[in-house]
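Chemist:
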Amino acid sequence: ETPSTAVSTTRALLVPYDRRHVLTYHAWMEDPAIQEATASEPLTLEEEYENQESWRASHDKLTFIVCQPLTTDETSDHCERKSIQAGEADVSEKMVGDINLFLYPYEDEDEGDEDRGEALPSATPEFCVGEVDIMIADGQHRGKGLGRAVVQAFLQYVHRNLDGVVREYAEDKDMTVPPRLKLLMAKINQSNEKSIILFKRLGFEQEGGVDYFGEVKLVLRDLGKLAAEVPQGYTELVYSRDRSQDEK
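Numbering (full-length UniProt numbering) for the sequence shown: 1 to 248.
1. Specify the secondary structure class of threonine 72 as computed by DSSP and reduced to three states.
2. Considering Cα atoms alone, identify which of Ile197, Asp98 and Leu101 is closest to glycine 143.
3. If you count every other CB in all the chains shown that lies within 10 Å of the CB of serine 8, and 16 or more means buried, which is it?
4. To the nearest whole angstrom, what separates the beta carbons of valine 132 and leucine 184, a pair I think is in contact under 8 Å?
5. Give the secondary structure of arginine 142 by DSSP, where H, G and I count as helix, E and B as strand, and everything else as coil.
6. With H, G and I counted as helix, E and B as strand and the rest as coil, what does DSSP make of threonine 63?
7. Name the two residues that bound the continuous alpha helix (DSSP H) containing asparagine 51.
8. Should threonine 176 be labelled buried (16 or more other beta-carbon atoms within 10 Å of its own) or exposed?
9. With H, G and I counted as helix, E and B as strand and the rest as coil, what does DSSP make of aspartate 172?
10. Among Leu103, Arg148 and His21, which one has its Cα closest to the Cα of alanine 86?
11. Exposed or buried, what is alanine 57 when buried is set at 16 or more other beta-carbons lying within 10 Å of its beta-carbon?
12. Counting along the chain, where does the alpha helix (DSSP H) carrying serine 195 start and finish?
13. Taking the beta carbon of threonine 44 as the centre, do at least 16 other beta carbons fall within 10 Å, making it buried, or is it exposed?
14. If you draw a straight line from the C-alpha of valine 91 to the C-alpha of aspartate 108, how long is it?
15. Going by CA-CA distance only, name the one from Asp211, Asp174, Glu74 and Glu229 that's closest to leucine 189.
16. Can you have a look at arginine 180 and say buried or exposed, based on whether 16 or more other CB atoms are within 10 angstroms of its CB?
17. Can you grab the Cα-Cα spacing for the pair glutamine 140 / leucine 146, in whole Å?
18. Given a cut-off of 8 Å on the beta-carbon distance, is the pair alanine 205 and leucine 218 in contact?
19. By DSSP's criteria, glutamine 85 is part of a beta bridge. Which residues make up the other side?
20. Kindly indicate the opening and closing residues of the alpha helix (DSSP H) around threonine 24.
21. Assuming cysteine 128 contacts lysine 187 (C-beta within less than 8 Å), just tell me the rounded distance between them.
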């Protein structure tokens, strides 16, 4: 899902991933270190544009581009108008990374019964899982607590808009009843100690050991507890897309 909402805090500005961001995003993903950290394969620019279109239409993905925060004057102006113009505060020079939420059905490993599951293909899953993924691509912005601030802002948005997020997910999957979010998780390469520490400090707990892919799984079961601490300056703004600026 590509929202029409931007999220502003004193530490960062999160905007929907639009076509205008693809060139910069593609440049980030050509960095071998980022490919390794995100377990990503290099794509052509054309494939990157196709990916962006696919993510925009999907209801099981939520993607924001992380930008430098609005200035004090910009914050005052945008909060007064309750909106932000696409292509202004999210120009390439201000982009620093991205953050995503991927939704999929919850599978109870303790009660798994494959035969029963196959016999009832129309059964509506009661729960879903949200996987959180963050990348701060611009090295000069790493190691300053930005990652934590971005995850907090993003999960604040998810918490406040959860009903709409799971409703669209359910409609996309032809479910009659929207599932409930069972838990959030992050899968992180075991060598990425800073990211593991970041999520643990936000209340995520490691579940199990290192998997086949060299990743550890961190889980958060109480989003409400995390969301009780509202990031400083948290504001949701309308992300106004002006057709005349679409190719900027």
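The beta-carbon is built from N, C-alpha and C at its ideal position, and this holds for glycine as well. All of these numbers come straight from a predicted model, not from anything done at the bench.
Modeler: In terms of the structure at hand:
1. helix
2. Ile197
3. buried
4. 6 Å
5. coil
6. strand
7. 45 to 57
8. exposed
9. helix
10. His21
11. exposed
12. 193 to 201
13. exposed
14. 43 Å
15. What sits at residue 189 in the sequence shown is asparagine, not leucine. Among Asp211, Asp174, Glu74 and Glu229, the Cα nearest to that of asparagine 189 is on Asp211.
16. exposed
17. 11 Å
18. Looking at the sequence provided, one finds glutamate at residue 205 rather than alanine. For glutamate 205 and leucine 218, yes; Cβs fall inside 8 Å.
19. Ser240
20. 22 to 29
21. Cysteine 128 to lysine 187, Cβ: 16 Å. No contact.
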